[in-house]
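Right, one structure below, let's go through it.
Chains as they are written, first to last, in the UniProt record's numbering: chain A, 1 to 711; chain B, 1 to 711.
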């Protein structure tokens, strides 16, 4: 088992291929306790996956050495306060290897007990099948879906650089943490990680250090069957610093030297290609057999024997390992103390910045910020909701300094940039500053959403960014994780329907609103006018644990008679009331004013009384008291929904649905609306059919249900 | 205006930076008629966007020179038969520049008139805002959403290589066409294109030649604000051949030499970096001002004057240009004739292959293929539907030789590979053949779906491929285009619910079924047993113009009493009938058998009679006659839906809904099912509540509606 001992030949750093200068820091020799710690991590992963009869032992066994060096030699953190603002961040992008992370968190003294490890992948445990940020102390972001963690790490590194640019002052290096990220071949293949890597290279994120687990194995076996590109050359093309550690299984000195080298490259993100043996120590090491299946019983025993552990015992941690790691944890706690003292001193010299920072870290918005939200009267001009959104940003960016905006190369279309915005850019480009609050994401929607998840997780900024609603779908994988990991990010999703006109069906969303409404813990807002747009921002900014998608129009919308921020933040409200109504028309966004015109037309041409409800956000309306909901959608009156998109989901709030269950058309938008009958006449026709259909039937409000959903 | 004339210095090929050997073919000098043709294309784009007051003139004006050289000097096609199997394929991945493509199609004599050009971006025209394959002759794939076309081109090139490997014989080079693709900075930034490029490099697709429009401009202005990577170095890292043409505006000889060079590199895909001036000839050339807005009237006139056209006239084509292009078209028609003769001769020597090919090109499946579909009796063992899917593939792969399968690195989990499958790989790897029918897509879900769109568009294969249902969401952008462009692709989407168990919420779809059910022209199948799985494949394979997503379980499912292929292909059918039922339970996939158990339990414990409907596919059920649908969901009986996913959309088929409008949980799957009450008891409780709620109310079937939807 030659692979289990250090290579005989070559000095400690002989295996590092260097692209840059190596630092001068002396590398201390590693000893038996280091090996013991590494093997303890490996065996905990073996034991937990075996006990669960489920999980991925291979990556933890292969990456235990680099984890040990990174966590114990480099990373600053305090397990007793996982929220310390300047802690080093760690992201396990290959999240299936989470027993590695759980083992580390336990060993260093986070609030994760041995019982938690024993409950790996069990119901309601703190150790689920992939790391979830909101449930487990020390987990920064929710990973598992491949490529996401890598892009999150880019977001965390951007946030660090932005915080440093904003708050650091001479003598006050408040934000200088590193962001470390492990990723595997799967992440390296995913487009979201490619996009994020290109962005990170452009942004010269020197405090981002990633480690690529080059184990040559993915689920289909040898990566050579699908993945023969030169990964390091690709990262160089992105502008990254690259290093190769050839023996990631044993050569701790080389690992340490590589990380040290990367720390000294301050104008580029770094990637260390770490060649490892997946499932190191198993009979099946180096094969796909250890990737996603627990080791067999005899193999577990074999591994333990090999590493000098008692093969009959499980979940054993030698006290030396606890001691070693707890010592490092204590050093981290001391560093936090120092930092806290620095912060106190900062208060005396930089009071305003100090108070702003402390407030931001508390998660509270500035007192009274909402007074800056624009309001509108019915007599105000018709304005596209993308422009109304711009007006909100223009008004609030000064009072909410933590708001950072951006766009996936559609700035002029998304209207996401306030007039005096400064771009977040390395200053040497001459087009922005580290403290800039506007991000140029490039045409990279998926990375944008995943980077925003990282930005939000850092704690000092609230990210918003734009693309067309249709292309939020490119980012579906990341938006899902925003919702699951409960972060406050805002998607400014313009061009939200066939109302975008000439660009045509390739750009006109049909299924998109339904898709994200079906996603748990995600607010989809489709405001109908200025006050509703302000309401959408109000809710998006005050909902600390929920992402929002604001679906906004390209075309102009009139200001409604009865809209107010107060009404709209209930998710749905009565926009036109009428006693003895024969029908309720419920609608969103650009179709609300057409529905109101239809109500007028129904009265004038048919003598039929119609109420109109504007419902900018299902999720928020769902959360209202039943009594309120029944006021909006009372018993006895049939409800017709109107929205220029898929009708799917509207059945929940209406008896009959008028929508678009087909693709749109390329033409000037008014013609497209006419083609599909989203006109007062088209609505009236269907309202009359609805009234007729329910004549003589008892009509119950769709709010009344036989039972409650599990939430 | 020095940029408008050829550079004075340097020979014709001096601007080509070569990475490989250049071919010996003599380059003929270009003449005035070439310049005239190029400027005609530019001015048609200017005129059409100006008339529409909408569109993107910049890319057509910049890429007219390379289009002219490519289409007139290299490409083989017959405008009178856009379906010729061995035609060269052209994909405009930067689809917003579609006036370029429409102008070319018109000038070469495709069925696209000058009136069609004048109707650019108008209602129901053949010239929509972005190219749509099904509406416009000569458009191979639907593009516009950035990055997609590039990945489609990779699919077209794979299909060509696979067809060549399958059908070419000594003396019969039936399939040797090139796939050409234009793409811009936006496509280069998109992850889907990065994934596809990595795959294409691995697969050594020598007949793929792409041209990167390096104009330095995207919507946010200079690409330097977000995109400073070395694109060519990145493509080299992927294993591509790269060439740079420095003056893409004028140097036609260099363009020709570059394409010729790429044609001679047969073991790598190629990319030509073509440095151009966006909006060449406009006052705003080289700026973002010409990207997405028509030129102003005076600028239109200026361009015309500059190019020697009458500034007062619009939509003018000099006869010499028609003559030149029609001559090339005639040469293309002659080449098709030669090919047809070759094919006839092939019939005499290779009868079986010939007949197979002709049948495939007709779009017809082999007679009687469906007899190979496995069927099951209720007494057969419980089997996971992913395994049932494997059984289908095992049975039908011999009788449907055009079926190609694959997986995004989840082969063993998706069960997509039949036992004796051969991988599609360059033979030199020693792990497959060009004729192989199993694709190793790598962990690249988005590219996989987009590549499948290209495969399907080629005409000789039907693509199927696997990932987890949750990760079909990564591919949402491409799946949407499958539906819009009406191609037959099959997503084998396993691990389709909380039933996947331990992997937990990061991998458990909640919103996914709803999302794709809301997508028009997309069949989402969720079979409950073996016969339903066979039915899903039957419909997926026989629906020539509709993509399918087959949602399949990880866990075992019993064979139902009343399931048959014939019933299931109606989309929904009565799985358990019962006279005088008090409730109908409607369900899909893994929940159907639990609903059946609930019906038994309701009878035994509560004396309540319940019917059970299995509804494996909404879209197909929707298409049934109303009479049938009312038999399945009759008036008078309240309907309760049961599905372990978002309830959104189920309101269309049921009065009450039992589902999961929250994220799942990581645990052994039976415990997860119990936690969320997807048990006979949990269903019974809700069925009783439903019956109670509707007691004394007249109950209409959800099939009865006040009006029809626009389809």
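Virtual Cβ for every residue (Gly too), placed ideally from N, Cα, C.
In the DSSP annotation of this structure, residue 429(B) is not part of any alpha helix (DSSP H), being labelled neither H nor E.
The residues 109, in chain order, have a CB closer than 7 Å to that of residue 326(A) in the same chain once the five nearest residues on each side in sequence are set aside. Taking 7 Å as the threshold, the shortest C-beta distance from residue 230(B) to chain A falls below it.
Per DSSP, reduced to three states, the secondary structure at residue 444(B) is coil, with no helix or strand assignment.
DSSP places residue 610(B) in the strand class (E or B) of the three-state scheme. The CB of residue 675(B) comes closer than 7 Å to the CB of 123 in chain A, given here in chain order.
Contact check for residue 64(B) and residue 117(B): beta-carbon distance about 15 Å, past the 8 Å limit, so the pair fails to qualify. Using a Cβ-Cβ cut-off of 7 Å, residue 260(B) does not count as an interface residue toward chain A, since no Cβ of chain A sits closer than that to its own. Between residue 583(A) and residue 690(A), the C-beta spacing is below 7 Å.
For the segment 337-362 of chain B, there are no residues whose beta carbon sits under 8 Å from a beta carbon of chain A.
Contact annotation for residue 661(A) against chain B: 520, 709, 711 [CB-CB distance below 7 Å, chain order]. By the neighbour-count criterion, in which a residue is buried when 16 or more other Cβ atoms sit within 10 angstroms of its Cβ, residue 697(B) is exposed. Between residue 76(B) and residue 332(B), the beta carbon gap of about 5 Å places them in contact (Cβ cut-off 8 Å). It is roughly 11 Å from the alpha-carbon of residue 704(A) to the alpha-carbon of residue 655(B). Taking 8 Å as the upper bound for CB-CB distance, residue 59(A) and residue 457(A) are not in contact here, some 22 Å apart. Relative to the Cα of residue 157(A), the nearest Cα in the group 179(A), 588(A), 252(A), 309(A) belongs to 179(A). Chain-ordered, the chain B residues with CB closer than 9 Å to the CB of residue 192(A) read 191, 446, 474. In chain order, 699 place their CB closer than 7 Å to the CB of residue 636(B), counting only its own chain and leaving out the 5 sequence neighbours on each side.
As DSSP reads the structure, residue 219(B) sits in no beta bridge. Taking the C-beta atoms as reference points, residue 275(A) is found no nearer than 7 Å to residue 239(A).
For residue 443(B), the closest Cβ of chain A is nearer than 7 Å.
Within the segment 542-570 of chain A, contact with chain B at the beta-carbon level (separation under 9 Å) is assigned to no residue. Pairing residue 443(B) with residue 146(A) gives a Cβ-Cβ distance under 7 Å.
Taking the Cβ atoms as the reference, residue 488(A) lies roughly 5 Å from residue 544(A), within the contact range of under 8 Å. For a Cβ distance threshold of 8 Å, residue set 502 of chain A lies close to residue 55(B), ordered along the chain. At a beta-carbon threshold of 8 Å, none of the residues of chain A lie near residue 75(B); the nearest stands roughly 24 Å away. Your pair residue 486(B) and residue 546(B) checks out as a contact, with CB atoms roughly 7 Å apart and the cut at 8 Å. The Cβ of residue 195(A) sits closer than 7 Å to at least one Cβ of chain B. Across the set 196(B), 34(B), 125(B), the C-alpha of 196(B) shows the shortest separation from the C-alpha of residue 455(B). Taking a C-beta distance under 7 Å as the contact criterion, residue 614(A) and residue 578(A) do not qualify as a contact pair.
Annotation: the segment 623-658 of chain B contains the following complete segments of the beta strand (DSSP E) (minimum length 3 residues), in chain order: 639-642, 656-658.
The segment 585-605 of chain A and the segment 669-680 of chain A touch, with three or more beta-carbon pairs separated by less than 8 Å.
Residue 127(A) is classed as buried because its beta carbon has at least 16 other beta carbons within 10 Å across all chains shown. Under the three-state reduction of DSSP output, residue 697(A) falls in the coil class, being neither helix nor strand. Under the DSSP assignment, residue 464(A) falls in the beta strand (DSSP E) whose first and last residues are 462-468. Here the alpha carbons of residue 502(B) and residue 626(A) stand approximately 36 Å from one another.
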